[in-house]
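Participant: Just dropping this structure here.
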Amino acid sequence: MIKFKFTLIIIAVTLFIISCEENISPIGELPNKYSVNIVLRTDTAYQTAYLSKIYVTEDLNANSLEVDPFVDGAKVMLKYSDSNNEYVFNDTVDNSNTNDRYNTPAQYYYLNNFLPSTGKEIQLAVDLPDGSKLSSKTKLPEPVVFDLINSTPFIPGPYIGNDTQYVKVAWTNGNSELIKAGRVTLVYYYRELSGEKTKHVKQVPLSYVIKNDITEPVYVNMSYDNNLNIGRSILEEFMHSISEGNESKARYSIAPLEVEIYSFDENLSRYYSADLFFDFGFTVRNFPGDVTNIEGGYGFFGAYSHTKRIIKFDQQYLMNTFGYMREVTN
């Protein structure tokens, strides 16, 4: 079973609060009682869903609920619009993951061995134990196709368009109305005197922002553009930092740079700017109660596709610039 971080699973969307004083509700009457949240992913065949009951508190304090509002025993199902085949989720209590909000084992629905087909419309249907029904649909976005002519083939590589500032990654089929999220990962190894090698995986900052006079790295680039620019100076500074304080530079070996592009569907693209997708695992966080694309209830149904490109480092560049070796890969 593929584990996922449950701490940021859909919580805020279920926290509808009603004041019982004088029978006045700050959000009016609740026409529905349930919320379902799913973000389908093409980088895994293990899909998860969270189904919860909207609850009532008297003190307007969403943190006062002590019991997980998860609802089990429902039928959570996916179906492509051009097919009658149903893909039904199972509910589970996962003792290997903890719901930090309630300090209890994580509860959720899962669907194994289901890799969504891109370019197709898919429908969500939920049948609740009390007869209530929830539904939604989305179109799975096509993954990007990398443009090899306008992408840097290796690092440092030739300058694309005489641009000396960036390592460039471009693609040809990106929908200009949909968001693409890019992130970059550096994998490297350190060889001990014993000969044992330790693998390290680190996210590469793509830019920096200043918040409250503190400079913070930005690891994910969100854009409608059909390209991702990786700053050469930022990349080199980061690569120097992995061996800071260690004079044995030749013990470091660098694997190819990994560039991942996530193409959002229309639903994710529409809501990303509202700071709903804080966690890069694309769990929905801080989801406001008045934003929903679920018929018959509340919540969110979306999807993204995933594509990866690797960019190899030139051996002489690694040695001359950093003193590193190049990791031998297939």
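Throughout, my numbering is defined as the position within the sequence shown, counted from one, plus 1276.
Heads up, the beta-carbon is just placed ideally off N, CA and C, and yes, glycines get one too.
#1: Could you check which residue in Glu-1536, Leu-1533, Phe-1576 has the C-alpha nearest to that of Ser-1545?
#2: In this structure, does DSSP put Ala-1526 in helix, strand or coil?
#3: Could you tell me if Leu-1594 is buried or exposed, where buried requires 16 or more neighbouring beta carbons within 10 angstroms of its beta carbon?
#4: Can you look up Asn-1503 in the DSSP assignment and give me helix, strand or coil?
#5: Shortest alpha-carbon distance to Gln-1613 belongs to which of Leu-1327, Thr-1583, Glu-1571?
#6: If Thr-1414 and Asn-1543 are in contact, beta carbons under 8 Å, what's the gap, nearest whole angstrom?
#7: Apply the 10 Å Cβ neighbour rule to Ala-1457 and answer buried if 16 or more other Cβ atoms are within range, or exposed otherwise.
#8: Quick check: Asn-1505 and Lys-1444, are their CB atoms within less than 7 Å of each other?
#9: Return the chain-ordered list of same chain residues with a C-beta closer than 7 Å to the C-beta of Glu-1472, the five sequence neighbours on each side being excluded.
#10: Any contact of the region 1462-1472 with the region 1516-1535, i.e. 3+ C-beta pairs under 8 Å?
#11: Counting pairs of beta carbons, one from the region 1510-1520 and one from the region 1586-1603, are three or more of them closer than 8 Å?
#12: Find out if the Cβ-Cβ distance for the pair Thr-1318, Ser-1581 is shorter than 7 Å.
#13: Who are the Cβ neighbours of Lys-1525 in its own chain at under 8 Å, not counting the five residues just before and after it?
#14: Quick one: residues in its chain with C-beta nearer than 6 Å to the C-beta of Asp-1348, no 5 flanking neighbours on either side, listed in chain order?
#15: Quick check: is the beta carbon of Phe-1422 nearer than 7 Å to any beta carbon in chain B?
#16: Check whether the region 1412-1431 touches the region 1376-1383, counting contact only when three or more Cβ pairs, one atom from each stretch, lie closer than 8 Å.
#17: Look at the alpha carbon of Val-1604 and the alpha carbon of Ile-1431, and state the distance between them as a whole number of angstroms.
#18: Under the three-state reduction of DSSP, which class applies to Leu-1327: helix, strand or coil?
#19: In whole angstroms, give me the CA-to-CA distance for Asn-1256 and Ser-1427.
#20: Helix or strand or just coil, what does DSSP make of Ser-1539?
#21: Might you give, ordered along the chain, the residues of its own chain that have their beta carbon closer than 7 Å to the beta carbon of Gln-1592, omitting 5 neighbours on each side?
#22: Tell me the rounded alpha-carbon separation between Asp-1541 and Pro-1392.
#23: Going by DSSP, what residues sit across from Ser-1311 in a beta bridge?
#24: Roughly how many whole angstroms lie between the Cα atoms of Lys-1396 and Glu-1468?
#25: Could you check where the alpha helix (DSSP H) with Glu-1472 kicks off and where it finishes?
#26: Spatial neighbours of Tyr-1442 within its chain, please: C-beta separation below 7 Å, excluding the five flanking residues on both sides.
#27: Does Asn-1451 come out as helix, strand or coil in the three-state DSSP assignment?
#28: By Cβ distance below 6 Å, which residues in the same chain neighbour Lys-1478 in space, the five residues on each side in sequence not counted?
#29: Check for me: the beta strand (DSSP E) holding Gln-1383 runs from which residue to which?
Facilitator: Considering the structure as presented:
#1: Phe-1576
#2: helix
#3: buried
#4: strand
#5: There is simply no residue 1613 to check, as the chain begins at 1277 and stops at 1606 in what is shown.
#6: 5 Å
#7: buried
#8: yes
#9: none
#10: yes
#11: yes
#12: yes
#13: Ser-1519, Phe-1598, Gly-1599, Tyr-1600
#14: Asp-1367
#15: Reference to chain B is not applicable here, since this structure consists of a single protein chain.
#16: no
#17: 15 Å
#18: strand
#19: Lying outside 1277 to 1606, the shown extent of the chain, residue 1256 is not represented and no answer is given.
#20: strand
#21: none
#22: 13 Å
#23: Ser-1328, Tyr-1574
#24: 49 Å
#25: That residue, Glu-1472, is in no alpha helix (DSSP H); it is neither H nor E in DSSP.
#26: Asn-1505, Ile-1506, Gly-1507, Arg-1508
#27: coil
#28: Leu-1462
#29: 1380-1387
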